[in-house]
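Taking our numbering, the leading residue of the sequence shown gets 45, the next gets one more, and so forth.
Built from N, CA and C at the ideal position, the CB exists for glycine as well.
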Amino acid sequence: MFIDSHKVIDKVRNIVDNPIYIALGGFRMGGIMHQETPYLIKGFHVTSTLPTVGTGKCPTPKKPANFHRKYSPKITIHFVIYEIQEYISQLKSRNISTIEELHSPIVFFQNDHAMELKNICSKLLTKELYPGYLNLIQEQTRLLSDQEPKETRSLLELYRLYMEALYLFRLGKMVPNLHRLNDYFGFEAVSDLMERTNFHGEQFYYENIMEIIQDIDELKNELNSSCRYSKLPDKSDDIDGLLDTYLKNSRKKYRHETKINYTPG
């Protein structure tokens, strides 16, 4: 089963005018999924004038269309397409989830304007993201501590957050997908858990819990030193101004345009 990118683009065009970027988000972007995990389609669009009401976030269709070559009634597809002002506001607040979406391994559509924003947002990859990662890791750790039995997806998400942060501070690149991250880190427990989750669903018995505890302890110990000795800049002083200019130019660009050319990204 695979998703039809042309139908995704058509559906977004029916929801908003002038989409700029459409990509896969959520757990499927991270590679943490089983057969019935919903698809989350994320992205942003631009209007020629400032939005007057709401946050710029479009409503989620209650009954999404079938975007698969082979129909499965158990699959759901959700759309969250932000107006560009809201999207840039999230980027300026260093929202890690939003920055991750710009590095999604599956992009359904992007135009030159999206590529311009991606180039600007490369300046967001600084040590300023460290506190954000710590907050996400702490929230995920609390979530796991409240779960009994533990959910495999929650455990893999904790692995992913640690690994994504370490990869960023070591190599200067953001990679949100757990499959690709584990190609670098090579944790056997992650490979085993992902295989069991993808093919057997959420519930199974894992025999070697101590291996997981040791992995998480290793990642935790490495994170602080990786940030401290990272070659990433401490911060980017000009990024907010660049984003404001980008927003202003976006309004001008689409002021007299109602349609753009749509091709899969």
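(message) Looking at the secondary structure, which residues open and close the alpha helix (DSSP H) in which I260 lies?
(response) Taking the sequence shown and counting its residues from 1, one reaches residue 260 at position 216. I260 -> alpha helix (DSSP H) spans I253 to R272.
(request) Any chance you could list the beta strand (DSSP E) runs of at least 3 consecutive residues sitting entirely within the region 166-229, in chain order? (result) none
(message) Check for me: the alpha helix (DSSP H) holding Q129 runs from which residue to which?
(response) As a working mapping, residue 129 is identified with position 85 in the sequence shown. Q129 -> alpha helix (DSSP H) spans I128 to K136.
(message) Tell me the residue span of the alpha helix (DSSP H) that contains V52.
(response) The count along the sequence shown starts at 1 and reaches residue 52 at position 8. Taken as a continuous stretch (DSSP letters only), the alpha helix (DSSP H) holding V52 covers S49 to I59.
(request) Measure the C-alpha to C-alpha separation of H78 and E160 and round it to an integer number of angstroms. (result) What you label residue 78 is simply residue 34 of the sequence shown in a count that begins at 1. What you label residue 160 is simply residue 116 of the sequence shown in a count that begins at 1. The alpha-carbon atoms of H78 and E160 are separated by roughly 34 Å.
(request) Tell me whether the beta-carbon of F123 lies closer than 8 Å to the beta-carbon of S49. (result) Within the sequence shown, residue 123 is the residue found at index 79, counting from 1. Within the sequence shown, residue 49 is the residue found at index 5, counting from 1. Result no, Cβ atoms of F123 and S49 do not sit closer than 8 Å.
(request) Compute the beta-carbon to beta-carbon distance between Q184 and S166, rounded to the nearest angstrom, for a pair I have assumed lies under 8 Å. (result) Taking the sequence shown and counting its residues from 1, the one referred to as residue 184 is at position 140. Taking the sequence shown and counting its residues from 1, the one referred to as residue 166 is at position 122. With a Cβ gap of about 26 Å, Q184 and S166 do not count as contacting.
(message) Please classify R186 as buried or exposed, where buried requires at least 16 neighbouring CB atoms within 10 angstroms.
(response) On the sequence shown, residue 186 is found 142 positions in, with the first residue counted as 1. Flag for R186 reads exposed.
(message) How far does the beta strand (DSSP E) with K86 in it extend, from its first residue to its last?
(response) Here the question's residue 86 lines up with position 42 in the sequence shown. K86 -> beta strand (DSSP E) spans Y83 to H89.
(request) Tell me whether G230 is buried or exposed, calling it buried when 16 or more other Cβ atoms sit within 10 Å of its Cβ. (result) The residue labelled residue 230 in the question sits at position 186 within the sequence shown. Flag for G230 reads exposed.
(request) Using 10 angstroms around the beta-carbon of N268, count the other beta-carbons present and answer buried if the total reaches 16, otherwise exposed. (result) Numbered from its first residue, the sequence shown carries residue 268 at position 224. By the neighbour-count rule (16 or more Cβ atoms within 10 Å), N268 is not buried but exposed.
(message) Applying the 10 Å Cβ sphere with the 16-neighbour rule, what's the burial state of T99?
(response) Position 55 of the sequence shown holds residue 99. Reliability fails at T99, whose pLDDT of 44 lies under 50, so the model's placement of it is uncertain and no value is given.
(message) Based on DSSP bridge pairs, tell me the residues matched to F153.
(response) Indexing the sequence shown from 1 puts residue 153 at position 109. I66, per the DSSP bridge assignment.
(request) Look at the Cβ atom of L135, then the Cβ atom of L287, and state whether they are nearer than 8 Å. (result) Looking up residue 135 in the sequence shown gives position 91. Looking up residue 287 in the sequence shown gives position 243. Yes, these two residues count as a Cβ contact at 8 Å.
(request) Report back the beta-carbon spacing between L222 and V234 to the nearest angstrom; my notes put them in contact at under 8 Å. (result) Start at 1 with the first residue of the sequence shown, and residue 222 comes out as number 178. Start at 1 with the first residue of the sequence shown, and residue 234 comes out as number 190. Contact holds; Cβ gap of about 7 Å.
(request) Could you tell me whether the Cβ atoms of Y290 and V90 are closer together than 8 Å? (result) For this step, residue 290 is matched to residue 246 along the sequence shown. For this step, residue 90 is matched to residue 46 along the sequence shown. No, the pair does not count as a contact, with Cβ atoms beyond the cut-off.
(request) Inspect the beta-carbon positions of I76 and E262 and report whether they are closer than 8 Å. (result) The residue you call residue 76 lines up with position 32 of the sequence shown. The residue you call residue 262 lines up with position 218 of the sequence shown. No.
(message) Going by DSSP in three states, Y306 sits in which element: helix, strand or coil?
(response) By one-based count along the sequence shown, residue 306 stands at place 262. Only weak support is given to the placement of Y306: the predicted model assigns it a pLDDT of 39, under 50, and the question is left unresolved by the model.
(message) To the nearest angstrom, how far is the alpha carbon of E145 from that of K86?
(response) Sequence index remark: in the sequence shown, residue 145 carries index 101 (1-based). Sequence index remark: in the sequence shown, residue 86 carries index 42 (1-based). Distance between the alpha carbons of E145 and K86 is about 7 Å.
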